[in-house]
Amino acid sequence: MANVADKPLVHEDDLLIEEYGYDDHFHDHHHGDKFQSNFVTTYFFSQDHKMIAKQFLITGMFWAIIGGLMSLVFRLQLGFPEESLAWLQPVLGKWIEINPEGIGTLSQEFYYALVTMHGTILVFFVLTAGLSGTFSNLLIPLMVGARDMASPLLNMMSYWFFFLAGLVMFFSLFLSTGPFSGGWTAYPPLSLLPEASTGSGAGMTLWTLSLVLFVVSVLLGGINYITTVLNLRTKGMTMWRLPLPIWAFFITAIIGLLSFPVLASAFFLVMFDRELGTSFYLSEIFIGGQALDHVGGSPVLYQHLFWFLGHPEVYIIILPAMGMVSEVLSVHARKPIFGYKAMVYSILAIAFLSFIVWAHHMFMSGVNPFISNFFVIFTLIIAVPSAVKVFNWIATLYGGNIRFNPAMLFAIGFVSMFISGGLTGIFLGNSAIDIQMHDTYFVVAHFHIVMGVAAFFGMYAGVYHWFPKMYGRFMNNTLGKIHFWGTMVGAYAIFWPMHYIGMAGVPRRYYSFDTFQAFGHFAEMNKFITVAAILVFAFQVLFVINFFYSIWKGKKVETQNPYGATTLEWTTPINPGHGNWPGKIPAVQRWAYDYGKDGEEFIPQIIPLKEGEHDGGH
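For the sequence shown, the working numbering begins at 898 and goes up steadily by one.
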């Protein structure tokens, strides 16, 4: 890559970087980049954070398609129980049971396996990896002004542990006994006793192994993200000048580092109970009239350990989305983010409170009602920092010169989803109401809107916004807008009716409602939900086509900073090499959100403060 001095046209930003930048002599040591010397080290065993981000994203997309298809299969069973599914037999084989009349139905065992796998795949392999894995990797070095992560080797290993976890999970789908089918929460005794269901044998063993490998990946990545943010910020980049995505990724990594080992410990105890004859979770159980040898454990212990990760996990997914949405809203509304410090403090508050609300998932598990009161209070308190964020996003949009491109539409859609999904959480957080709502479709509706759809919207906003940085091209705007409107309308069409049927008491995870007279009149609504789900999936396929087409055929990026953004990633070349900046690393002179100031539309972070000018971050 040519030096700044050799360029025919010298950009003002390049002059500023040359004058004020920090020279770490990177290119003296990395002549002919040894990390990217051939095809294999460039694309497979890459130690460049940008390539690792792409690996996480494309692997996450593969899993999203599989997880999405699974939901369509069990939605067909729920929406059209009388229709024959014999046409799926070439794909699903023996899991489609054909009766003497030739009508094919989904095997009940496999129905539960699909529900389990759909949850596991979407929560861990798509949303955790797609948000933290992709965007923490892509943006942390670029936005803080670092050449790469603190340890590129650990970073590469983080991806390959994730890939290995995915591989084990993928193999488990093809077992003759079927994949694990005890619910994505893997509650004992279903998950402990191979006799409990066909999927509780080898399927469960592979499931546990896969998620332990996944925990290793999260820990390797998290250590890297935290170290990079703390130690590798460029000259002038104080913590109060960090863009909000970086704050979100940083805090998310800390939450992951504190909570994921607890999940691993829960799984190790599961393995001990299964293989070594211990009874951490097993109590008095009879199987086929025979009492178990081992007693004395408590399945509620597993619930505590699982949800100690399970609730922070919700924020591990949603915080990166919140950070990116804050950035996208500010850039495309052409306004400074409203209440920057309040945004940072609310991220910190959410992170702290996320660790003391886990038992609101367990109001019905037999825990002491007085303990429940504690968790009710903190669950309602955690709504406050979330509300602060919502208020600040709306205030940022108010009076802004808004560009309605796909990234912005998804960011605004995220705010809508977060409000509507979050409000239903207040009902469920109250133990008196939860007694009625627990394990109904109301719960499904709540967490799918706030954690599933909203998180996906944050991810899409990120992909559309930073795609030019990843590939040097733009995604197609028209297809992006069709994708947004189809997904937005379709997602509400799926999950709003579920609130209604949940309030009527329709339980989740049931294979069929034929035998329940009370739920018979919801058959048409179930059909409607299923059709909406199929249409939404079709719009996601449109996104995948747009994504891969744009990598090679999208409109080329002509300027270094196509959006007029202030942050550092837009000071790198259009296609940055390993090391991100060709010469010196830029020094930071101001906070990240100087839009519409002193008659200028935007002032990049590398522009020095004028005399008497106030820095927004301090």
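All C-beta atoms, glycine included, are put in the ideal place defined by N, C-alpha and C. Note that the coordinates shown come from a computational prediction; the quantities given were computed from them, not determined experimentally.
Within the continuous beta strand (DSSP E) that includes residue i, where are the two ends?
{"i": "residue 1499", "result": "1497-1499"}
{"i": "residue 1532", "result": "Nothing can be reported for residue 1532: it is not among the residues displayed for the chain, which extend from 898 to 1515."}
{"i": "residue 1493", "result": "1492-1494"}
Within the same chain, show all residues whose beta-carbon is closer than 6 Å to that of residue i, passing over the 5 residues directly before and after it, in chain order.
{"i": "residue 1113", "result": "1058"}
{"i": "residue 1331", "result": "1260, 1325"}
{"i": "residue 1234", "result": "1223, 1227, 1293, 1490"}
Measure the CB-CB distance between residue i and residue j and report whether it falls below 8 Å.
{"i": "residue 1282", "j": "residue 1246", "result": "yes"}
{"i": "residue 952", "j": "residue 1052", "result": "no"}
{"i": "residue 1003", "j": "residue 982", "result": "yes"}
{"i": "residue 1464", "j": "residue 1502", "result": "yes"}
{"i": "residue 1341", "j": "residue 1319", "result": "no"}
{"i": "residue 1462", "j": "residue 918", "result": "no"}
{"i": "residue 1335", "j": "residue 1321", "result": "no"}
{"i": "residue 1078", "j": "residue 1098", "result": "no"}
{"i": "residue 1444", "j": "residue 1372", "result": "yes"}
{"i": "residue 1231", "j": "residue 940", "result": "no"}
{"i": "residue 1088", "j": "residue 1167", "result": "yes"}
{"i": "residue 1229", "j": "residue 1303", "result": "no"}
{"i": "residue 972", "j": "residue 1384", "result": "no"}
{"i": "residue 1068", "j": "residue 1103", "result": "yes"}
{"i": "residue 1033", "j": "residue 1096", "result": "no"}
{"i": "residue 1358", "j": "residue 1225", "result": "yes"}
{"i": "residue 948", "j": "residue 1441", "result": "no"}
{"i": "residue 1156", "j": "residue 1210", "result": "yes"}
{"i": "residue 1164", "j": "residue 1105", "result": "yes"}
{"i": "residue 1354", "j": "residue 1297", "result": "no"}
Terminal residues of the continuous alpha helix (DSSP H) containing residue i?
{"i": "residue 1013", "result": "1005-1017"}
{"i": "residue 951", "result": "946-976"}
{"i": "residue 1377", "result": "1374-1400"}
{"i": "residue 1158", "result": "1141-1168"}
{"i": "residue 1485", "result": "Neither: residue 1485 is in no alpha helix (DSSP H) and is coded neither H nor E."}
{"i": "residue 1413", "result": "Taken as a continuous stretch (DSSP letters only), residue 1413 belongs to no alpha helix (DSSP H), as it is neither H nor E."}
{"i": "residue 1049", "result": "1049-1069"}
{"i": "residue 909", "result": "909-917"}
{"i": "residue 1355", "result": "1351-1368"}
{"i": "residue 1454", "result": "No alpha helix (DSSP H) contains residue 1454, which DSSP labels as neither H nor E."}
{"i": "residue 940", "result": "936-940"}
{"i": "residue 1270", "result": "1266-1278"}
{"i": "residue 1040", "result": "1034-1041"}
{"i": "residue 1338", "result": "1338-1344"}
{"i": "residue 987", "result": "986-989"}
Excluding five sequence neighbours on each side, which residues of the same chain lie with their C-beta closer than 7 Å to the C-beta of residue i?
{"i": "residue 1176", "result": "1170, 1191, 1192, 1193, 1194"}
{"i": "residue 887", "result": "The structure shown does not extend to residue 887, since the chain spans only 898 to 1515, so no value can be given for it."}
{"i": "residue 1161", "result": "1109, 1112"}
{"i": "residue 1126", "result": "1037, 1041, 1143, 1147"}
{"i": "residue 903", "result": "Residue placement at residue 903 cannot be trusted, given a pLDDT of 44 that sits under 50; the coordinates are not used to answer."}
{"i": "residue 1471", "result": "1369, 1454, 1457"}
{"i": "residue 1459", "result": "1365"}
{"i": "residue 1374", "result": "1302, 1303"}
{"i": "residue 1506", "result": "1486, 1487, 1512"}
{"i": "residue 1466", "result": "1036, 1039, 1040, 1366"}
{"i": "residue 1378", "result": "1303, 1306"}
{"i": "residue 929", "result": "Only weak support is given to the placement of residue 929: the predicted model assigns it a pLDDT of 49, under 50, and the value that follows is read from those uncertain coordinates. So no residue of the chain qualifies."}
{"i": "residue 1047", "result": "1121, 1124, 1125, 1128, 1129"}
{"i": "residue 1174", "result": "1191"}
Short of 8 Å in beta carbon distance, which residues of its chain neighbour residue i, apart from the five on each side in sequence? Order them along the chain.
{"i": "residue 1403", "result": "1337, 1338, 1410, 1416, 1419"}
{"i": "residue 1212", "result": "1149, 1152, 1247, 1248, 1251"}
{"i": "residue 899", "result": "Confidence is the limiting factor: at residue 899 the pLDDT is only 43, short of 50, which leaves the residue's position unreliable, though a coordinate-based value still follows. Once the five neighbours on either side are set aside, the close Cβ partners of residue 899 are 1479."}
{"i": "residue 993", "result": "982, 983, 985, 986, 1001, 1002, 1003, 1004"}
{"i": "residue 1258", "result": "1200, 1204, 1207, 1208"}
{"i": "residue 1496", "result": "none"}
{"i": "residue 1498", "result": "1231, 1461, 1492"}
With a threshold of 7 Å, establish whether the CB of residue i neighbours any heavy atom of the ligand SAM.
{"i": "residue 1474", "result": "As for the ligand SAM, it is missing from this structure, which has no ligand bound."}
Quick check on residue i - is its C-beta less than 8 Å from some C-beta in chain E?
{"i": "residue 1395", "result": "Structure shown: chain E not included; a single protein chain is present."}
Should the segment 1420-1437 be regarded as contacting the segment 1388-1403, the criterion being three or more beta carbon pairs within less than 8 Å?
By the Cβ rule, the segment 1420-1437 counts as touching the segment 1388-1403, because three or more pairs are nearer than 8 Å.
Taking only runs of the alpha helix (DSSP H) that begin and end inside the segment 1418-1450, which ones reach a length of at least 4 residues, in chain order?
Qualifying alpha helix (DSSP H) stretches, in chain order: 1420-1450.
Answer yes if the segment 1105-1125 comes into contact with the segment 1058-1067, meaning at least three C-beta pairs across the two stretches below 8 Å, and no otherwise.
As far as the Cβ criterion goes, the segment 1058-1067 touches the segment 1105-1125, which means the pair count is three or higher.
Return the chain-ordered ranges of every alpha helix (DSSP H) run that is complete within the segment 1310-1335 and spans a minimum of 4 residues.
Correct list: 1328-1334.
The segment 1020-1036 touching the segment 954-967, judged by at least three CB pairs closer than 8 Å
Touching, yes, given that three or more Cβ pairs across the two stretches are closer than 8 Å.
Sequence ranges, alpha helix (DSSP H) only - wholly within the segment 1173-1257, length at least 4:
The segment 1173-1257 is shown to contain whole alpha helix (DSSP H) runs of 4 or more residues at 1196-1230, 1237-1250, in chain order.
Can you give, in chain order, each stretch of the beta strand (DSSP E) that sits fully within the segment 1064-1117 and has at least 3 residues?
Runs found: none.
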